[in-house]
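In UniProt numbering, the protein residues as written are 1 to 331. Think of the CB as a built atom: it goes at the ideal place given N, C-alpha and C, for glycine as much as any other residue. Model, not experiment: these values are computed from the prediction. Taking it in order: structure first as structure tokens, then the write-up.
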Amino acid sequence: MTSAPGPTAPGPATPAPPEPTAWRPDLLGDGFEARTLPLPDGAEATLVRYTPSVAPDGRPARVAVLAVHGFVDYFFHPHVARALGAAGYAFYAVDLRGHGRSWDAHAAAGHDPNQVPDIAVYAQDLDAAAAVVRAAGHERLVVLGHSTGGLVAPLWAAARPGRADAVVLNSPWFRLNKPRLTRWAATAMVETVAPVAPRAVVSHLVADYALALHAEHGGEWEFDPAWKWHEPFAVRAVWLRSVLRSQRRLSRGLDLDVPVLVLSSDRSSRDQHLTTDTVLDVGHMRAVAPVLGDDVSYMTVRGGAHDLTLSPAPARGEFLDAVVGWLDASV
């Protein structure tokens with residue numbers, strides 16, 4: 001007769017999954033943490049922080065910088081966090097809903113990655129990120145927007161007076177990079193198509209620039225091609241309509257009551273991806289920048305790429321030095 005088995009020692013307890021709003025290790029490794037930002041209607045964004053910069057002497061850094069990425073993009077720029085942290089600024093970055101770290105929740109809800117029907121909804125993402133940053137004890141908040149993030153950030157700052165204490169724009173997307181008549185035609189087209197076929201593909205974001213940046217193709221940078229595509233990316237009618245409407249709103253003037261710094265490459269071209277802006281027209285940035293507010297500074301970075309933080313040296317260093325110098329003097 002076989003005796004019944006005796007009691008067994010309990011195994012190690014299964015750790016409870018982290019709370020959605022808890023900080024957790026980030027994919028960038030040591031010194032970086034991320035947390036989910038719950039948003040209305042079940043949406044999610046993701047906030048990343050560079051931990052050595054947040055409270056370097058046990059007290060919150062006085063000024064925090066919040067980076068906002070562009071279209072089909074996400075935060076993968078640890079060198080920017082380290083540079084600003086070394087200069088005494090706390091550094092955070094947000095992956096907006098549907099982008100990068102926030103991709104899965106957006107796609108699971110049936111939405112198109114990287115796109116929303118109205119980019120004004122990103123104000124909710126920035127509200128949530130800013131609330132966490134302020135709760136950490138930082139006295140002042142600087143929002144640093146790149147490309148589409150450079151369109152979203154000043155519109156948010158204008159709609160939410162007092163949320164941001166300064167705005168820095170890295171190659172902001174102020175106008176469609178087309179001749180004026182083509183922009184008018186594109187506006188008429190999406191205003192007609194979007195109400196009846198909002199998901200109609202009206203254009204594609206070409207991947208040449210992203211390919212040129214990636215280490216596998218001779219560039220300097222490692223990033224996930226599932227989040228920053230190496231293939232043409234379909235642009236939907238309703239999203240582009242929202243962008244063009246937002247650009248028209250911005251071009252009428254924002255009257256921002258905080259200091260603004262706009263930076264761009266010194267020139268645009270079609271194919272010199274690493275040393276010029278091949279995505280946007282720097283002339284548009286220069287023309288529109290003055291309408292942002294009464295205290296707007298404009299700087300050009302010779303030999304800068306579209307994302308000035310990803311420019312080759314020495315342009316990359318010149319950009320970071322310019323931002324730090326301006327922050328030291330203005331915030």
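Sequence-distant residues of its chain with Cβ nearer than 8 Å to residue i (five each side left out)
i	result
Val-142	Val-63, Ala-64, Val-65, Leu-66, Tyr-89, Ala-164, Asp-165, Ala-166, Val-167, Val-168, Leu-327 and Val-331
Gln-247	Leu-151, Trp-173, Phe-174, Arg-175 and Leu-176
Pro-113	Gly-98, His-99, Trp-103, His-106 and Ala-107
Arg-270	Thr-278
Whole-Å CB distance - residue i paired with residue j, under 8 Å assumed
i	j	result
His-235	Ser-268	Correcting the residue identity first, residue 235 is Val in this sequence and not His. Not quite, the Cβ-Cβ distance comes to about 20 Å (not below 8 Å), so this is no contact.
Phe-91	Ser-147	With 8 Å as the limit, Phe-91 and Ser-147 do not qualify as a contact, their Cβ atoms being about 19 Å apart.
Gly-42	Ala-109	7 Å
Glu-318	Val-296	Wrong, their Cβ atoms sit about 20 Å apart, outside the cutoff.
Val-48	Ala-93	5 Å
Ala-22	Arg-35	6 Å
Ala-87	Val-324	4 Å
Gly-320	Ala-83	In the sequence as presented, Gly is not what sits at residue 320; that position holds Leu. Right, the Cβ-Cβ distance comes to about 5 Å (below 8 Å), so this counts as a contact.
Cut-off 6 Å between Cβ atoms - residues of its own chain near residue i, not counting five sequence neighbours on either side
i	result
Leu-126	Trp-156
Ser-311	Gly-304 and Ala-305
Glu-231	Ala-207
Leu-27	none
Phe-76	Phe-223
Gly-219	Ala-212 and Leu-213
Gly-6	With a pLDDT of only 37 at Gly-6, under the threshold of 50, the placement of this residue in the model should not be trusted, and no figure is reported.
Gly-149	Val-68, His-69 and Gly-70
Where residue i falls: helix, strand or coil (DSSP)
i	result
Pro-117	coil
Phe-32	strand
Ala-4	Any reading at Ala-4 needs caution, since the residue's pLDDT is 35, under 50, leaving its predicted position unreliable; the model's value is listed next. Correct three-state label for Ala-4: coil.
Pro-150	With the sequence shown as reference, residue 150 is identified as Gly, and Pro is not the correct amino acid for it. Here Gly-150 sits in helix by DSSP.
Arg-248	helix
Leu-327	helix
Phe-174	coil
Ala-305	coil
Tyr-92	strand
Thr-275	coil
Ser-269	coil
residue 350	Nothing about residue 350 can be read from this structure; the chain reaches only from 1 to 331.
His-230	coil
Thr-21	coil
Ser-53	helix
C-beta contact flag for residue i and residue j at 8 Å
i	j	result
Val-205	Phe-71	It should be pointed out that residue 205 corresponds to Leu in this sequence rather than to Val. For Leu-205 and Phe-71, yes; Cβs fall inside 8 Å.
Pro-60	Gly-137	yes
Asp-95	Tyr-74	yes
Gly-85	Tyr-50	yes
Ala-322	Met-299	yes
Ala-45	Ala-131	no
Ala-158	Leu-254	yes
Leu-308	Asn-170	yes
Ser-265	Val-288	no
Leu-256	Gly-293	yes
Other residues of its chain near residue i: CB distance less than 7 Å, five sequence neighbours each side excluded
i	result
Val-193	Ala-200, Val-202 and Ala-237
Ala-197	Ala-237
His-273	Asp-208, Tyr-209, Ala-212 and Ala-305
Gln-124	Leu-39 and Pro-40
His-217	Leu-211
residue 379	This structure does not reach residue 379, given that the chain is present from 1 up to 331, and the question cannot be answered.
Glu-191	Arg-241
Count Cβ pairs between the region 113 to 129 and the region 274 to 286 that sit closer than 8 Å; are there 3 or more?
no
Decide if the region 228 to 243 is in contact with the region 278 to 292; the criterion is three or more beta carbon pairs, one per stretch, under 8 Å apart.
no
Counting pairs of Cβ atoms below 8 Å between the region 209 to 224 and the region 254 to 263, do you hit three or more?
no
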